[in-house]
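A.B. asks: Below are the structure tokens for one structure; questions will follow.
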Amino acid sequence: MTNIILFGPPGAGKGTQATFLKEKYNLVHISTGDVFRYNIKNETELGNLAKSFMAKGKLVPDELTIDMLSNEVDKNSDAKGFIFDGFPRTEAQAEALGHLMDDKDSQIDAMVALEVDDEVLVKRLLKRGETSGRADDADESIIRNRIKVYYNETAILKNYYEKQGKYYGVDGVGSIEEITERLSEVIDGL
Numbered sequence: 001m002t003n004i005i006l007f008g009p010p011g012a013g014k015g016t017q018a019t020f021l022k023e024k025y026n027l028v029h030i031s032t033g034d035v036f037r038y039n040i041k042n043e044t045e046l047g048n049l050a051k052s053f054m055a056k057g058k059l060v061p062d063e064l065t066i067d068m069l070s071n072e073v074d075k076n077s078d079a080k081g082f083i084f085d086g087f088p089r090t091e092a093q094a095e096a097l098g099h100l101m102d103d104k105d106s107q108i109d110a111m112v113a114l115e116v117d118d119e120v121l122v123k124r125l126l127k128r129g130e131t132s133g134r135a136d137d138a139d140e141s142i143i144r145n146r147i148k149v150y151y152n153e154t155a156i157l158k159n160y161y162e163k164q165g166k167y168y169g170v171d172g173v174g175s176i177e178e179i180t181e182r183l184s185e186v187i188d189g190l
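Reminder that position 166 of the sequence shown reads as 166 in UniProt numbering, one-by-one numbering, no gaps.
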């Protein structure tokens with residue numbers, strides 16, 4: 001089983017690359033945002049609980065997020081592995097994900113981060129904002145703040161996974177095919 005955390009700042013191309021990697025390696029892509037939306041829309045017990053925190057403007061507790069991810073892993077117990085996208089974001093979450101995978105007799109093999117220059121990210125997100133209708137992709141100051149928040153939060157995780165020899169930075173600039181090839185080299189070497 002191969003389990004990868006796909007990381008990168010907003011606009012780095014995680015969603016695009018996850019689509020190619022899940023096909024190529026027959027992995028299950030678990031996007032935390034999608035998992036939240038699914039649970040809330042379908043009014044699952046965990047979804048309703050998450051919604052109650054969000055309605056008060058609070059962050060959903062890590063334990064609840066891990067429970068949702070655990071359900072997703074269980075739903076796909078025959079998978080060859082997973083691509084985690086959007087989680088973990090803190091060291092506590094990284095430890096919780098490690099324990100979750102231990103409980104499933106597995107482990108996180110790598111954190112693969114798409115590295116892209118900030119100015120390229122801003123241009124990509126503004127362009128995406130023209131077609132996606134996402135308000136957070138249409139305002140340059142919001143985009144720059146999202147990128148800043150990413151670096152402030154992620155530096156910790158880079159160090160966390162580097163200490164375990166599991167961090168791989170990949171150049172996220174070039175054609176989609178070139179970037180997929182770079183990611184594939186890392187995954188093939190695991």
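Where a beta carbon is used, it is the ideal one built from N, C-alpha and C, also for glycine. A quick note: this is a predicted structure, and the numbers were derived from the prediction, not measured.
Evaluate K174 with the Cβ neighbour count: other Cβ atoms within 10 Å of its Cβ, from every protein chain shown; 16 or more gives buried, anything less gives exposed.
C.D. replies: In the sequence on display, residue 174 carries Gly and not Lys. Classification for G174: exposed.
A.B. asks: Would DSSP call D105 helix, strand or coil?
C.D. replies: Coil, per DSSP.
A.B. asks: Would you check if there are 3 or more beta carbon pairs closer than 8 Å linking the stretch 41-57 to the stretch 144-161?
C.D. replies: No contact exists between the stretch 41-57 and the stretch 144-161.
A.B. asks: Which partner residues does T2 have in the DSSP bridge list?
C.D. replies: According to DSSP, which records beta bridges pairwise, T2 is partnered with G81.
A.B. asks: Throw me the rounded Cβ distance for the H29 and D85 pair, which I believe falls under 8 Å.
C.D. replies: 6 Å between Cβ atoms; contact.
A.B. asks: By DSSP's criteria, M54 is part of a beta bridge. Which residues make up the other side?
C.D. replies: Paired residue(s): none; M54 is not in a bridge.
A.B. asks: Name the one or two DSSP bridge partners that Y167 has.
C.D. replies: Beta-bridge pairing links Y167 to M111.
A.B. asks: By the DSSP assignment, the beta strand (DSSP E) with V28 in it spans what residues?
C.D. replies: Looking at the DSSP string, the run of the beta strand (DSSP E) that includes V28 is 28-31.
A.B. asks: What are the partner residues of F7, as DSSP defines its beta bridges?
C.D. replies: Bridge partners of F7: A113.
A.B. asks: Would you check if there are 3 or more beta carbon pairs closer than 8 Å linking the stretch 109-121 to the stretch 5-14?
C.D. replies: Contact holds: three or more Cβ-Cβ distances are below 8 Å.
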